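Report on the following structure.
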Amino acid sequence: MIGNNFLVDTNIVIEVFKGNQEIADYLYKLPDIYISSIALGELYTGINRVSNREKHLKRLNDFLKLTTILNVDGETAAIYGELIADLYKLGKPIPTNDVWIAAIAIQYNLTLLTSDRHFEEINHLKSSYPTH
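The sequence shown begins at 5 in the working numbering and counts up one residue at a time.
Spelled out as structure tokens, the structure:
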């Protein structure tokens with residue numbers, strides 16, 4: 005995979021589901037959209053916490069038809085370990101799931117689309133917000 009492809013963070017998918025047309029239009033113009041199994045797990049967690057589960061599950065399944073899911077493997081784990089250690093050395097830990105998501109983005113040389121600024125603490129991670 006080359007660096008002009010994008011990994012979507014959980015918050016970007018949620019924005020699309022909330023009706024943010026600007027972000028949806030941006031995503032649908034991309035040649036390839038990737039999502040991590042970690043972000044997918046976060047989305048399923050949210051779906052299982054709401055009353056209209058079936059509606060949200062259908063929306064997610066429709067979105068997933070446009071994406072490629074990337075899973076954690078041994079290489080991801082090695083990158084994750086380096087990132088966590090670096091963040092602790094800096095005294096700037098971030099949520100564990102986000103470090104896994106960053107590790108996958110780095111592993112596959114993808115730009116992470118996110119609205120979370122704490123990803124800026126991670127060296128070697130290319131991140132962007134779709135409307136900037």
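Ideal placement from N, C-alpha and C gives every residue a C-beta, glycine not left out. Quick caveat, the model's predicted, so the values are computed rather than measured.
With 16 as the cutoff for other CB atoms within 10 Å, does residue i come out buried or exposed?
| i | result |
| --- | --- |
| Glu26 | exposed |
| Met5 | In this prediction, Met5 scores a pLDDT of 48, lower than 50, which makes its location untrustworthy; the coordinate-derived value is nonetheless stated afterwards. Result: exposed. |
| Ser131 | buried |
| Val103 | buried |
| Glu19 | buried |
| Asp13 | buried |
| Val54 | exposed |
| Ala107 | buried |
What is the DSSP secondary structure of residue i, reduced to helix, strand or coil?
| i | result |
| --- | --- |
| Val76 | coil |
| Thr49 | helix |
| Tyr30 | helix |
| Thr118 | coil |
| Leu94 | helix |
| Leu11 | strand |
Mind checking whether residue i and residue j have CB atoms under 8 Å apart?
| i | j | result |
| --- | --- | --- |
| Ile83 | Ile110 | yes |
| Leu114 | Phe21 | no |
| Leu116 | Pro134 | no |
| Leu31 | Ile37 | yes |
| Ser119 | Asn24 | no |
So what does residue i bridge to, in DSSP terms?
| i | result |
| --- | --- |
| Phe21 | Paired residue(s): none; Phe21 is not in a bridge. |
| Ser40 | Leu74 |
>> Within 8 Å, do at least three Cβ pairs link the region 84–93 to the region 114–129?
In response: yes
>> Does the region 95–107 come into contact with the region 60–75, if we say contact requires no fewer than three beta-carbon pairs (one atom in each stretch) closer than 8 Å?
In response: no
> Counting Cβ pairs, one atom from each stretch, are 3 or more of them under 8 Å apart for the region 115–124 and the region 41–61?
Replying inline: no
>> Three Cβ pairs or more, each shorter than 8 Å: is that satisfied between the region 50–59 and the region 73–82?
In response: no
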